[in-house]
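Residue 17 is where the sequence shown starts when you use the numbering used here, and the numbers rise one by one after that.
Yeah, the Cβ is synthetic: ideal placement off N, Cα and C, and Gly gets one too.
Please read the structure below before turning to the comments.
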Amino acid sequence: MKCNKCNEEIKENIKYCPNCGLEVGNEQLNFQEEKIEEELENTSEVAASSKDNDQSTDTNKKKKVIVTTSIAALLVILIAAIGVFGNEFFSTKEPIDTFINSNIKTFVTADRGEFNSSMKLIDFDISQSNEFSEFDAVIFNVLKDVELLGDMKFDKESNQYEAEFKIAIRDNVFVNGILYLDTEGMALKIEELYNQQFYIQWDDLKKMVLQETGMQISFDEYIKLATSINELDSVKNFDGEKYVDVIKNILEDHLIVEDNQQVVINNQEIKGDKYSLELDFVDIMNMNLEVLGVLIEDDQIIVILDELINAVVDTLEETGDAAYIMDHTTLDMLREFSSDAEMIKNEMSHEYTQMLEEMDNELDEFEGYLSYHYDYYIKGNDIEGYITTVSMGLDDFNGEGRANITIGTETIVKSINKNINFSGIDYTNGVNLFDLSEEEMESIMYEIQGNLMLFLMFNGDLFQ
């Protein structure tokens with residue numbers, strides 16, 4: 017037999033184990049019971065441990081689910097952010113793109129806009145010229161004190177256009193006028209000459225021309241046509257990306273950007289990033305020729321011209337005005353313009369190289385200089401204002417002298433695509449030119465002349 021404790025071989029009739037000393041018999045039985053109890057306890061601990069492990073596993077699973085769900089939610093938010101703000105987060109706009117896009121938004125695609133501008137002769141130096149007299153010098157010295165001011169508004173949707181203009185000498189405004197135009201008619205008011213607005217409707221102008229010349233001209237129809245060119249299918253479908261690329265490639269090397277600049281334009285402080293361009297005569301000519309080269313090969317232009325000319329011919333025929341302007345043969349020729357234009361385009365494509373050579377010769381022969389300097393103040397993708405300076409050096413006809421001229425313009429972009437208030441036509445208090453008799457017209461002319469003379473008498477010092 018073997019000892020239950022140490023597994024040592026025990027001979028029969030031995031009372032104690034020779035190896036561990038355990039008493040053989042009851043002790044062996046007791047030890048066996050203790051061993052069984054120990055094993056049972058170990059089994060309970062294992063079971064309890066297993067239960068704890070199961071609970072821990074469940075907890076870990078729950079944590080993993082929460083973490084996984086959170087990550088998935090973050091990914092969804094990130095994907096949504098990429099969709100909405102992707103261009104801002106993951107692409108860097110080049111300065112030339114901002115410059116081009118802001119110009120397109122302001123001057124091409126805007127449906128409504130209002131601009132405040134001023135223009136003046138900054139410098140006119142004729143001291144080195146033999147072509148101008150001393151009297152000319154006096155005139156130009158006066159012009160250097162003259163400033164043209166204007167507030168321009170347009171609304172393409174309602175076809176309303178207005179220009180408020182002022183003429184000032186040494187900051188003293190002496191002419192203040194408003195010109196307004198819509199699809200119904202036009203109006204003009206110059207306060208210093210007459211205290212009421214003059215207006216005429218297109219239908220009445222048509223009658224006046226018919227009375228005076230025997231010709232019937234439907235001015236209202238041509239105004240509507242001119243203001244609806246953008247609604248032509250060929251114009252709406254026009255893709256100008258290739259032209260934009262040409263202009264970008266030329267201007268990109270000339271563009272200088274200064275962040276967070278401010279300037280005073282027309283007595284108003286303007287803030288924004290300053291985009292400056294300096295171009296000379298060669299740059300302007302190269303850009304024009306590059307655009308012309310694209311235009312020659314662009315079939316879109318043929319489609320636009322064809323649709324536009326057909327629209328004009330349709331209007332001439334529908335109104336009956338064609339009878340006063342051109343014969344049917346000319347009308348038929350205009351309708352066939354698309355095929356003629358295709359031929360012209362093909363011919364110009366072959367001659368384009370020759371045109372470039374001629375341009376090089378013209379540049380070599382050009383005597384004098386011409387430079388353009390532009391400062392645009394842009395905030396985000398909006399033009400806040402811009403300053404343009406044009407300098408010219410004009411050689412005398414005999415080549416022995418030169419006159420230097422510098423003209424500057426300043427413009428504030430007051431609003432783009434916002435509601436605009438127009439002065440409109442004052443049908444109640446305005447003077448309808450169509451209703452005036454000859455006597456009334458003469459009386460008004462005398463009053464205007466008198467107001468002009470009085471103005472010159474009391475403001476003569478402005479011209480000294």
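| task | Using three-state DSSP, classify T422 as helix, strand or coil. | result | strand
| query | Where does T199 fall in DSSP's three states? | reply | coil
| said: Considering just the uninterrupted stretch of the alpha helix (DSSP H) at I394, what are its terminal residues? | reply: Segment 384-395 is the beta strand (DSSP E) holding I394; no alpha helix (DSSP H) there.
| Thinking just about the alpha-carbon of each residue, which of E207, N276, L137 is nearest to the one in G396? | N276
| field | Spatially closest choice to G336 from D187, E456, I233, F450, by CA coordinates | value | I233
| Rounded C-alpha distance that separates E207 from I185 | 17 Å
| request: Leaving aside the five residues before and after I332 along the sequence, list all residues of the same chain whose C-beta is less than 6 Å from its C-beta, in chain order. | output: Reading off the sequence, residue 332 comes out as Leu, not Ile. If we look at L332 and ignore the five residues flanking it on each side, its Cβ neighbours are A338.
| message | Quick test of your reading: I421 and F151, contact by CB under 8 Å. State the CB separation rounded to the nearest angstrom. | response | Their Cβ separation, rounded to whole angstroms, is 18 Å, which puts I421 and F151 out of contact at 8 Å.
| request: Give the secondary structure of M408 by DSSP, where H, G and I count as helix, E and B as strand, and everything else as coil. | output: strand
| said: Between A327, K18, L468, P111, which has its C-alpha nearest N246's C-alpha? | reply: A327
| message | As a quick exercise: from D451, N192, E178, pick the residue whose alpha carbon is nearest that of G440. | response | E178
| query | Looking only at DSSP bridge pairs, what is K182 linked to? | reply | K182 is bridged to L165, N192.
| query | How long is the line joining the alpha carbons of L241 and V154, rounded to whole angstroms? | reply | 46 Å
| field | Completely contained alpha helix (DSSP H) runs for the segment 204-291, where each covers 4 or more residues | value | Here the runs fully enclosed are 218-229, 235-243, 249-252, 257-267.
| Assigned exposure category for C22 - 16 Cβ within 10 Å defines buried | exposed
| request: Find the nearest neighbour of L248 within the set I320, D398, D113, judged by alpha-carbon distance. | output: I320
| query | Quick one: what's R128 bridged to in DSSP? | reply | D171
| field | Close-in-space but distant-in-sequence residues of the same chain around L410 (CB under 6 Å, 5 per side omitted) | value | G384, A419
| For Y340, the first and last residue of its enclosing alpha helix (DSSP H) | 338-341
| message | Using C-beta distances below 6 Å, list every residue in its chain close to E426, excluding the 5 sequence neighbours before and after it, in chain order. | response | S134, I281, N282, I403
| task | For F123, count neighbouring C-beta atoms within 10 Å of its own C-beta (all shown protein chains included) and say buried if the count is 16 or more, exposed if not. | result | Of the other Cβ atoms in all chains shown, fewer than 16 fall within 10 Å of the Cβ of F123; this residue is therefore exposed.
| query | Would V251 pass as a contact of V307 if the rule is Cβ separation under 8 Å? | reply | Cβ distance not < 8 Å, so V251 and V307 don't count as in contact.
| query | Which residue or residues does DSSP assign as beta-bridge partners of F140? | reply | I421
| query | N435 lies in the alpha helix (DSSP H); which residues open and close that run? | reply | That residue, N435, is in no alpha helix (DSSP H); it is neither H nor E in DSSP.
| task | Using the DSSP secondary-structure output, state which residues sit across from I399 in a beta bridge. | result | I394
| Among L468, L386, V406, L221, which has the Cα closest to the Cα of V298? | L386
| Length of the line joining the Cα atoms of I317 and E352 | 15 Å
| message | If you measure between the beta carbons of D289 and E274, is that distance less than 8 Å? | response | Cβ distance < 8 Å, so D289 and E274 count as in contact.
| query | Smallest Cα separation from Q212: which of G230, E463, E400? | reply | E463
| query | What is the DSSP secondary structure of T331, reduced to helix, strand or coil? | reply | helix
| task | Would you list the one or two residues that DSSP bridges to K121? | result | K121 is not bridged to any residue.
| said: For the alpha helix (DSSP H) containing T345, name the first residue and the last one. | reply: Looking at the DSSP string, the run of the alpha helix (DSSP H) that includes T345 is 344-351.
| To which residues of the same chain is E180 closer than 7 Å at the C-beta, ignoring the five residues directly before and after it? | G166, D167, I194
| message | Based on DSSP bridge pairs, tell me the residues matched to M135. | response | Paired residues: L164, T425.
| Grouping DSSP H, G and I as helix and E and B as strand, with all else coil, what is N302? | helix
| query | Applying the criterion that 16 or more other CB atoms from any shown protein chain within 10 Å of the CB defines a buried residue, is D391 buried or exposed? | reply | So D391 counts as buried.
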